[in-house]
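Remarks on the structure that follows.
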Amino acid sequence: MSTNDSGTGWVDPNQSAATDPSTSRVLIMSAVALTFVVLLALVGVVLAKRAGLFGGDADGPQVGLIAANVVGEHPFMPSAVVSPVEVADTVAGDIASFRTQLPRSADRGARLVQGTQAGLYGGTEQVSVCDVPAVANYLDAHPERSAPWAQAIGIAAQKIPYYLNTLTPVVLTVDTWVTSFFFVEGRAESAQAVLQTGNAVLIDQVGVPRVHCATGAPLTPPANVDLSTLTIEGEAWPDFAPQNVVAVAYAGSGANHPVLSEFKLRDLTTGEAITRPAGGTIAIGPDPSGWTPDPAAMNVPPREGMN
Numbered sequence: 029m030s031t032n033d034s035g036t037g038w039v040d041p042n043q044s045a046a047t048d049p050s051t052s053r054v055l056i057m058s059a060v061a062l063t064f065v066v067l068l069a070l071v072g073v074v075l076a077k078r079a080g081l082f083g084g085d086a087d088g089p090q091v092g093l094i095a096a097n098v099v100g101e102h103p104f105m106p107s108a109v110v111s112p113v114e115v116a117d118t119v120a121g122d123i124a125s126f127r128t129q130l131p132r133s134a135d136r137g138a139r140l141v142q143g144t145q146a147g148l149y150g151g152t153e154q155v156s157v158c159d160v161p162a163v164a165n166y167l168d169a170h171p172e173r174s175a176p177w178a179q180a181i182g183i184a185a186q187k188i189p190y191y192l193n194t195l196t197p198v199v200l201t202v203d204t205w206v207t208s209f210f211f212v213e214g215r216a217e218s219a220q221a222v223l224q225t226g227n228a229v230l231i232d233q234v235g236v237p238r239v240h241c242a243t244g245a246p247l248t249p250p251a252n253v254d255l256s257t258l259t260i261e262g263e264a265w266p267d268f269a270p271q272n273v274v275a276v277a278y279a280g281s282g283a284n285h286p287v288l289s290e291f292k293l294r295d296l297t298t299g300e301a302i303t304r305p306a307g308g309t310i311a312i313g314p315d316p317s318g319w320t321p322d323p324a325a326m327n328v329p330p331r332e333g334m335n
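Next up, the structure:
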C-alpha cells in the first residue's frame with residue numbers, strides 16, 4: 029500500500045471545513061506511541077489460541093463478550109472511535125421492541141436479521157463514529173499487522189484502503205454475534221464474540237460488520253453453530269441475555285442481500301431515520317486494477333479452522 033500524494037496519509041473527504049486536515053497524521057503518530065506502550069505491557073505474555081482468548085476452559089468452544097468500545101487485550105491498533113454515542117431512553121425502548129420482533133433461529137440459538145434492514149444500525153446526523161482514514165493509515169504504516177488483517181478478511185493487503193473505503197461507520201443497536209480477530213504473536217487469532225450494543229463498527233454493503241473500531245479488529249460472520257452450545261466468557265453487561273443476541277443472516281440462507289449504496293440508520297438521539305451513503309470515507313480513487321469486493325459472496329460462515 030502507499031499513502032496519498034501529499035504524503036500525509038489518507039483523509040476523510042467528508043470531514044467538515046473546521047476539521048484539521050492533519051488529524052489523520054496526528055492520529056497515526058499517537059497510534060505508534062500507544063502501540064509501543066501496549067506491546068511493552070504484553071512482553072512475556074504468551075496467549076495462543078489453545079489458551080483461550082477470553083479465559084475459561086480453553087478446550088471447550090467459547091464465545092467472548094466485548095463491551096461497548098472497550099479496547100481489551102490484543103488489539104490490532106489503537107482505538108479509532110471518534111465519539112461514543114449516547115442512546116436516548118425513548119430510542120432504547122424502540123430498539124428493544126424492534127429486537128423482539130426479529131425471528132429466533134432454533135438451529136443458531138440467535139435472532140437472525142438481514143444486514144440491510146432499515147433501523148438495524150444507528151448513528152447521528154452530526155457525528156462520524158469511526159475514523160476510517162486512521163484505520164487505513166495505521167495498517168499502511170504497520171505491514172506486520174496489515175498482512176494478517178487482510179488474510180482474516182480474505183483480501184490482499186494492498187487492497188485494504190480500497191476495501192475500507194467501501195465500508196460504512198455505524199453503531200450497533202443490538203448485541204451482535206460475530207467472528208472477531210485478535211493480533212497475537214504476529215498472527216490473527218479468531219474467536220467467536222458478542223459485541224455489545226453501542227459498539228462502533230464498519231459494515232460492508234450488505235450490512236455485515238467488518239471492523240471493530242475500538243480495536244481495528246477485522247470481523248467476519250459468526251460460526252455456523254448453535255450459540256447456546258458455546259461457553260460464555262467475559263463480564264456480562266447488565267442487560268445481556270443470550271436469547272436476545274442477533275446475527276446477520278448468511279448469503280444464500282433464504283434472506284435477500286442486496287448491495288446497498290446507502291443505509292437507513294436509526295438516529296440514536298431522536299429516533300428518526302437517517303440516510304447514510306455507503307462507504308466513501310477515504311479520499312482515495314478507485315483501485316487501478318478495477319478490483320471491488322463482493323460483500324454478498326463474502327457473507328458466509330468462517331472457513332474451517334478460522335472459528
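Going by this note's numbering, the final residue of the sequence shown carries number 335, and the count climbs one at a time with no gaps. Using N, Cα and C, we set each Cβ at its ideal position, and we do this for glycine too.
- Looking at the DSSP output, TYR149 bridges to LEU200.
- Closest in alpha carbon position to SER107, among ALA162, LEU93 and LEU223, is ALA162.
- Judged by their CB atoms, ILE302 and PRO189 are not nearer to each other than the 8 Å cut-off.
- DSSP, read as helix, strand or coil, puts ASP295 in strand.
- Counting the other Cβ atoms within 10 Å of the Cβ of ARG136 gives 16 or more, which makes it buried.
- Around the Cβ of ALA279, a 10 Å sphere holds 16 or more other Cβ atoms; the residue is buried.
- Rounded to whole angstroms, the separation of the alpha carbons of GLY318 and ALA184 is 14 Å.
- Looking at GLU300, MET326 and THR320, the one whose alpha-carbon comes closest to that of TYR149 is GLU300.
- The Cβ atoms of TYR191 and GLY244 do not sit closer than 8 Å to each other.
- Buried is the label assigned to ASN193, since at least 16 other Cβ atoms lie within 10 Å of its Cβ.
- In the three-state reduction of the DSSP assignment, ILE94 falls in the strand class, which pools E and B.
- By the C-beta density criterion, ARG238 is buried, having at least 16 other C-beta atoms within 10 angstroms.
- Runs of the beta strand (DSSP E) lying entirely within the region 179–265 and spanning at least 3 residues, in chain order: 196–200, 204–212, 215–223, 228–231, 237–240, 245–248 and 259–261.
- Contact annotation: ALA138 and GLY226 have beta-carbon atoms that are not nearer than 8 Å.
- With respect to the 8 Å criterion, VAL253 and VAL141 are not classified as neighbours on the basis of their beta carbons.
- Taking the Cβ atoms as the reference, PHE291 lies roughly 12 Å from THR201, outside the contact range of under 8 Å.
- DSSP places THR309 in the coil class of the three-state scheme, outside both helix and strand.
- Rounded to the nearest whole angstrom, the C-alpha separation of PRO250 and GLU114 is 27 Å.
- Residue nearest to THR207 within the set TRP38, PRO329 and ASN42 is PRO329 (criterion: CA-CA distance).
- Non-local C-beta neighbours of ALA146 in its own chain, meaning closer than 6 Å and more than five positions away in sequence, comprise LYS292, ordered along the chain.
- Contact annotation, ILE123 with LEU223: C-beta distance approximately 15 Å; criterion of less than 8 Å not satisfied.
- Residues GLN233, VAL234, PRO323 and ALA324 of the same chain have their beta carbon placed closer than 8 Å to that of VAL287, with the five preceding and five following residues left out of the count.
- Collapsing the DSSP output to three states places LEU130 in coil.
- Beta-bridge analysis with DSSP links ARG139 to ARG132 and VAL274.
- If you draw a 10 Å sphere on the C-beta of THR204, you find 16 or more other C-beta atoms in it, and that means buried.
- Per the C-alpha coordinates, the member of VAL198, GLY262, THR320 and ALA277 positioned closest to ARG304 is VAL198.
- The Cβ atoms of GLN271 and GLN90 lie no closer than 8 Å to each other.
- GLY92 and ILE260 have their C-alpha atoms some 6 Å from each other.
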